[in-house]
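Down below is the structure, laid out as structure tokens.
Protein chains in written order, with the working numbering: chain A, 1 to 163; chain B, 164 to 687.
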């Protein structure tokens, strides 16, 4: 047991992430009978609505486990079009995600213009821009977006307390 | 769809004449489809935007196309496609500017241009390098559009003979090719592809009306929409990386020397071999699913080194390096559109998102598109041709001020993308549910990028999932659950063999090596 614990302690977080994805896939596969409503118990296997999703989940689980096994060695990222986040500061990213979540919550209550203005101001503050740049950027961008999307393109954000 | 010499009994010349006439007809039809003001405007705006995002640090065509996708809802289908194609092609040109002037390729496919472009710029020949790159990209773009016009129709008439078994095998073959493009990350790519297939099944099953994996959430009854997933994975995830990464430092001394020279414009034609190598590899690799422009440019670059006419060593400012790389880079676009239009299989993430425009407007890409909506096919062909002329014109007029865009702080761009991602995903259905999906997939994309897990296969899986499931169920329903049709139909069998060979190729190679080693160590 201790050797297993020691082995798990050496695991990088991405292997745990892959394991979690595979585990979720297995759970969803197993509980498909409850997650498909009403479940076609009497249907032939090849006519069942569960066939394709279950096959897909099987691919997720099996491929995920193979990937976890392969990742016992350091993976070299190949030449690809994928996003490179190696230089990203995760704390900054998390604070921006939180700000974005609050922005999503604020729009129905405060309105698009005020929420965007607040989000951009907070975003600039999180990115450590000086006050003048922050205000200039936040006001110009939020007013431009509001004019373009709300006034010109007529995107309706619902009734809010403010604008 | 009679373009494959059916009435000519194998006579090559009449067949070629038929093809030429069909091509000219298609082209004139395409030009007339584009002649309305909204579509022409969309094309010009897309081209201009593409050039700008190609130059802007950190913003690629993928992000822009993902964020723009929701805004194409209200446009005519051809307008939306032209807008996104403009961005797609424009970014190839724009990427060369930063590669040559500040040694910072905007895209992975522009790396090879940097190897010889930047040394040329350092030698005081920035204008020559830029002119070489733009003209080579222009030739690549025009050639790929012509290839699309010539190859798409015969290929569609061939694909028209596909039944459900062939459709299933074609998609599986594409999926395996996509996975293999990730080399050692093959299992991770297949995992994400499987996840994409699964996500495509969420919602009400169109065959049986059962609710699949909706967890009782009303919004999920209509499924997980592609638009917010694309906005999240490509737009929001990229924006989060941009705002949280340090601002890249670069030597900006060469930005002032941006410009063009007429001699440089004509120079690529002095290296026809390098040009042809780039065109061949770019177009051929563009057709393959998921094998993007990055591979074709690097292969073309290394191939051009063999038998190069210019004596300058490669990597120290050889013009043939720029010609081969840029020709290959821009000739990808037409190739990638061939599989989308003829088979409904996207060549890469960007064409997968462009396919979203078709889906949104209820247009099913594939062989039937050539008979049902020929104006779309002809319009795409004409768009690709015109876009290259528009982009070249815009580059000539604006290259000097354009180069200054490299100074823009990527953190500010990241904030702008977040705000645009919000309004883009919201406006797709005037629903906060779409924004929540975009945000969730944005975070998921960031986590995957951090863990070196590819996300492009997820989008490709989502796009292909519906067709794969429908074809599989159709086939199994007809054959009472028997898998025999996969091996009894010759095309399906050929694709199945190809899948097995691609999947087990490393094992065959290892076996071969083992056999060879045992033979050499044991000559008796």
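Quick reminder that beta carbons are idealized off the backbone N, C-alpha and C, glycines included. None of the values given here were measured: they were computed from a predicted structure.
Going along the chain, which residues of its own chain have a beta-carbon closer than 7 Å to the beta-carbon of residue i, five neighbours each way excluded?
i	result
residue 54(A)	29 and 32
residue 296(B)	259, 263, 276, 280, 485 and 489
residue 311(B)	497, 500, 501, 544 and 547
residue 393(B)	229, 232, 516, 519 and 622
Of the residues the options, which one's Cα is nearest the Cα of residue i?
i	options	result
residue 337(B)	628(B), 680(B), 639(B) and 643(B)	628(B)
residue 300(B)	547(B), 235(B), 381(B) and 506(B)	547(B)
residue 577(B)	157(A), 119(A), 149(A) and 154(A)	119(A)
residue 447(B)	540(B), 383(B), 367(B) and 491(B)	491(B)
residue 643(B)	115(A), 124(A), 47(A) and 159(A)	47(A)
residue 441(B)	634(B), 252(B) and 306(B)	306(B)
residue 134(A)	146(A), 117(A), 148(A) and 149(A)	117(A)
residue 285(B)	639(B), 367(B) and 415(B)	415(B)
residue 34(A)	309(B), 422(B), 371(B) and 377(B)	377(B)
residue 272(B)	252(B), 350(B), 590(B) and 574(B)	252(B)
residue 157(A)	67(A), 122(A), 41(A) and 113(A)	113(A)
residue 616(B)	142(A), 10(A) and 21(A)	21(A)
residue 594(B)	308(B), 464(B) and 388(B)	388(B)
residue 86(A)	348(B), 368(B), 346(B) and 404(B)	404(B)
residue 210(B)	586(B), 224(B) and 199(B)	224(B)
residue 106(A)	292(B), 585(B) and 406(B)	585(B)
residue 94(A)	606(B), 298(B), 348(B) and 397(B)	606(B)
residue 82(A)	198(B), 613(B) and 679(B)	613(B)
residue 350(B)	677(B), 626(B), 659(B) and 620(B)	620(B)
Residues of chain A with CB under 9 Å from residue i, in chain order?
i	result
residue 593(B)	155, 156, 157 and 158
residue 376(B)	28, 32, 35, 36 and 53
residue 370(B)	47 and 49
Show which residues of chain A have a CB atom less than 7 Å away from the CB atom of residue i.
i	result
residue 635(B)	52
residue 639(B)	46
Listing by chain order, which chain A residues have their CB less than 8 Å from the CB of residue i?
i	result
residue 599(B)	104
residue 632(B)	52
residue 401(B)	83
residue 201(B)	Result: empty, since nearest Cβ-Cβ is about 14 Å, beyond 8 Å.
Taking 8 Å as the cut-off, decide whether the C-beta atoms of residue i and residue j are in contact.
i	j	result
residue 516(B)	residue 229(B)	yes
residue 602(B)	residue 399(B)	yes
residue 226(B)	residue 550(B)	no
residue 539(B)	residue 554(B)	no
residue 480(B)	residue 248(B)	no
residue 427(B)	residue 563(B)	no
residue 215(B)	residue 634(B)	no
So, for residue i: in the same chain, excluding its five sequence neighbours on each side, which residues have a beta-carbon less than 6 Å away from its beta-carbon?
i	result
residue 243(B)	235 and 520
residue 493(B)	255, 300, 303 and 304
residue 167(B)	Bear in mind that the predicted position of residue 167(B) carries a pLDDT of just 47, short of 50, making it unreliable; the figure below should be weighed with that in mind. Cβ neighbours of residue 167(B) beyond the five flanking positions: 317 and 320.
residue 328(B)	638, 648, 649, 652 and 655
residue 169(B)	Only weak support exists for where residue 169(B) lies, its pLDDT of 49 falling under 50; the value from the coordinates is given anyway. Counting only Cβ-Cβ distances below 6 Å, and skipping sequence neighbours, we find nothing.
residue 382(B)	596
residue 345(B)	352 and 617
residue 141(A)	120
residue 39(A)	33
For a contact defined as C-beta to C-beta under 7 Å, what are the partners of residue i on chain B?
i	result
residue 5(A)	The contacting residues do not exist; residue 5(A) stays about 22 Å from chain B at best.
residue 17(A)	610 and 614
residue 85(A)	404, 609, 612 and 613
residue 145(A)	582 and 586
residue 60(A)	354, 357, 358 and 361
residue 111(A)	The premise fails here: residue 111(A) is roughly 13 Å from chain B at the closest Cβ pair, so nothing lies under 7 Å.
Report all residues from its chain with a CB closer than 8 Å to the CB of residue i; omit the five preceding and five following residues, and keep chain order.
i	result
residue 164(B)	Any reading at residue 164(B) needs caution, since the residue's pLDDT is 40, under 50, leaving its predicted position unreliable; the model's value is listed next. Excluding residues within five positions, the ones whose Cβ falls inside 8 Å are 316, 319, 320, 323, 530, 533 and 534.
residue 450(B)	498, 499, 501, 502 and 510
residue 137(A)	120, 124 and 129
residue 110(A)	118, 160, 161 and 162
Does the CB of residue i have a neighbour CB from chain C at under 8 Å?
i	result
residue 236(B)	This model lacks chain C altogether, as its protein chains are A and B.
Closer than 8 Å by beta-carbon distance: list the chain B residues that pair up with residue i, in chain order.
i	result
residue 92(A)	406 and 407
residue 130(A)	Those within 8 Å of residue 130(A) in chain B number zero; the least Cβ separation is about 12 Å.
List the residues of chain B whose Cβ lies closer than 9 Å to the Cβ of residue i, in chain order.
i	result
residue 96(A)	402, 403, 406, 407, 577, 578 and 581
residue 116(A)	582, 585 and 586
Could you tell me if the beta carbon of residue i falls within a distance shorter than 7 Å of some heavy atom in the ligand ADP?
i	result
residue 508(B)	No copy of the ligand ADP appears in this structure; indeed no ligand is present at all.
Item to check | Whole beta strand (DSSP E) elements within the stretch 399-427 of chain B, 3-residue minimum | outcome: none
Checklist entry - Enumerated in chain order, which unbroken segments of the alpha helix (DSSP H) with a length of 4 residues or greater are wholly contained in the stretch 320-396 of chain B? => result 327-344, 349-364 and 389-393
Checklist entry - Which residue spans inside the stretch 210-294 of chain B form an unbroken alpha helix (DSSP H) run of at least 4? => result 224-231, 240-264 and 274-283
Next on the checklist: Threshold first: 4 residues or longer. Then list the alpha helix (DSSP H) segments lying entirely within the stretch 484-510 of chain B, N to C.
Outcome noted: 495-506
Checklist entry - If you scan the stretch 513-555 of chain B from start to end, which runs of the alpha helix (DSSP H) of 4 or more residues do you find wholly inside it? => result 532-535
Item to check | Length-filtered (3 minimum) beta strand (DSSP E) runs lying within the stretch 597-625 of chain B | outcome: none
Checklist entry - Residue ranges of each alpha helix (DSSP H) run of no fewer than 4 residues wholly in the stretch 77-147 of chain A, ordered along the chain? => result 90-110, 112-126 and 131-145
Item to check | Complete runs of the alpha helix (DSSP H) confined to the stretch 1-29 of chain A [at least 4 residues] | outcome: 2-9
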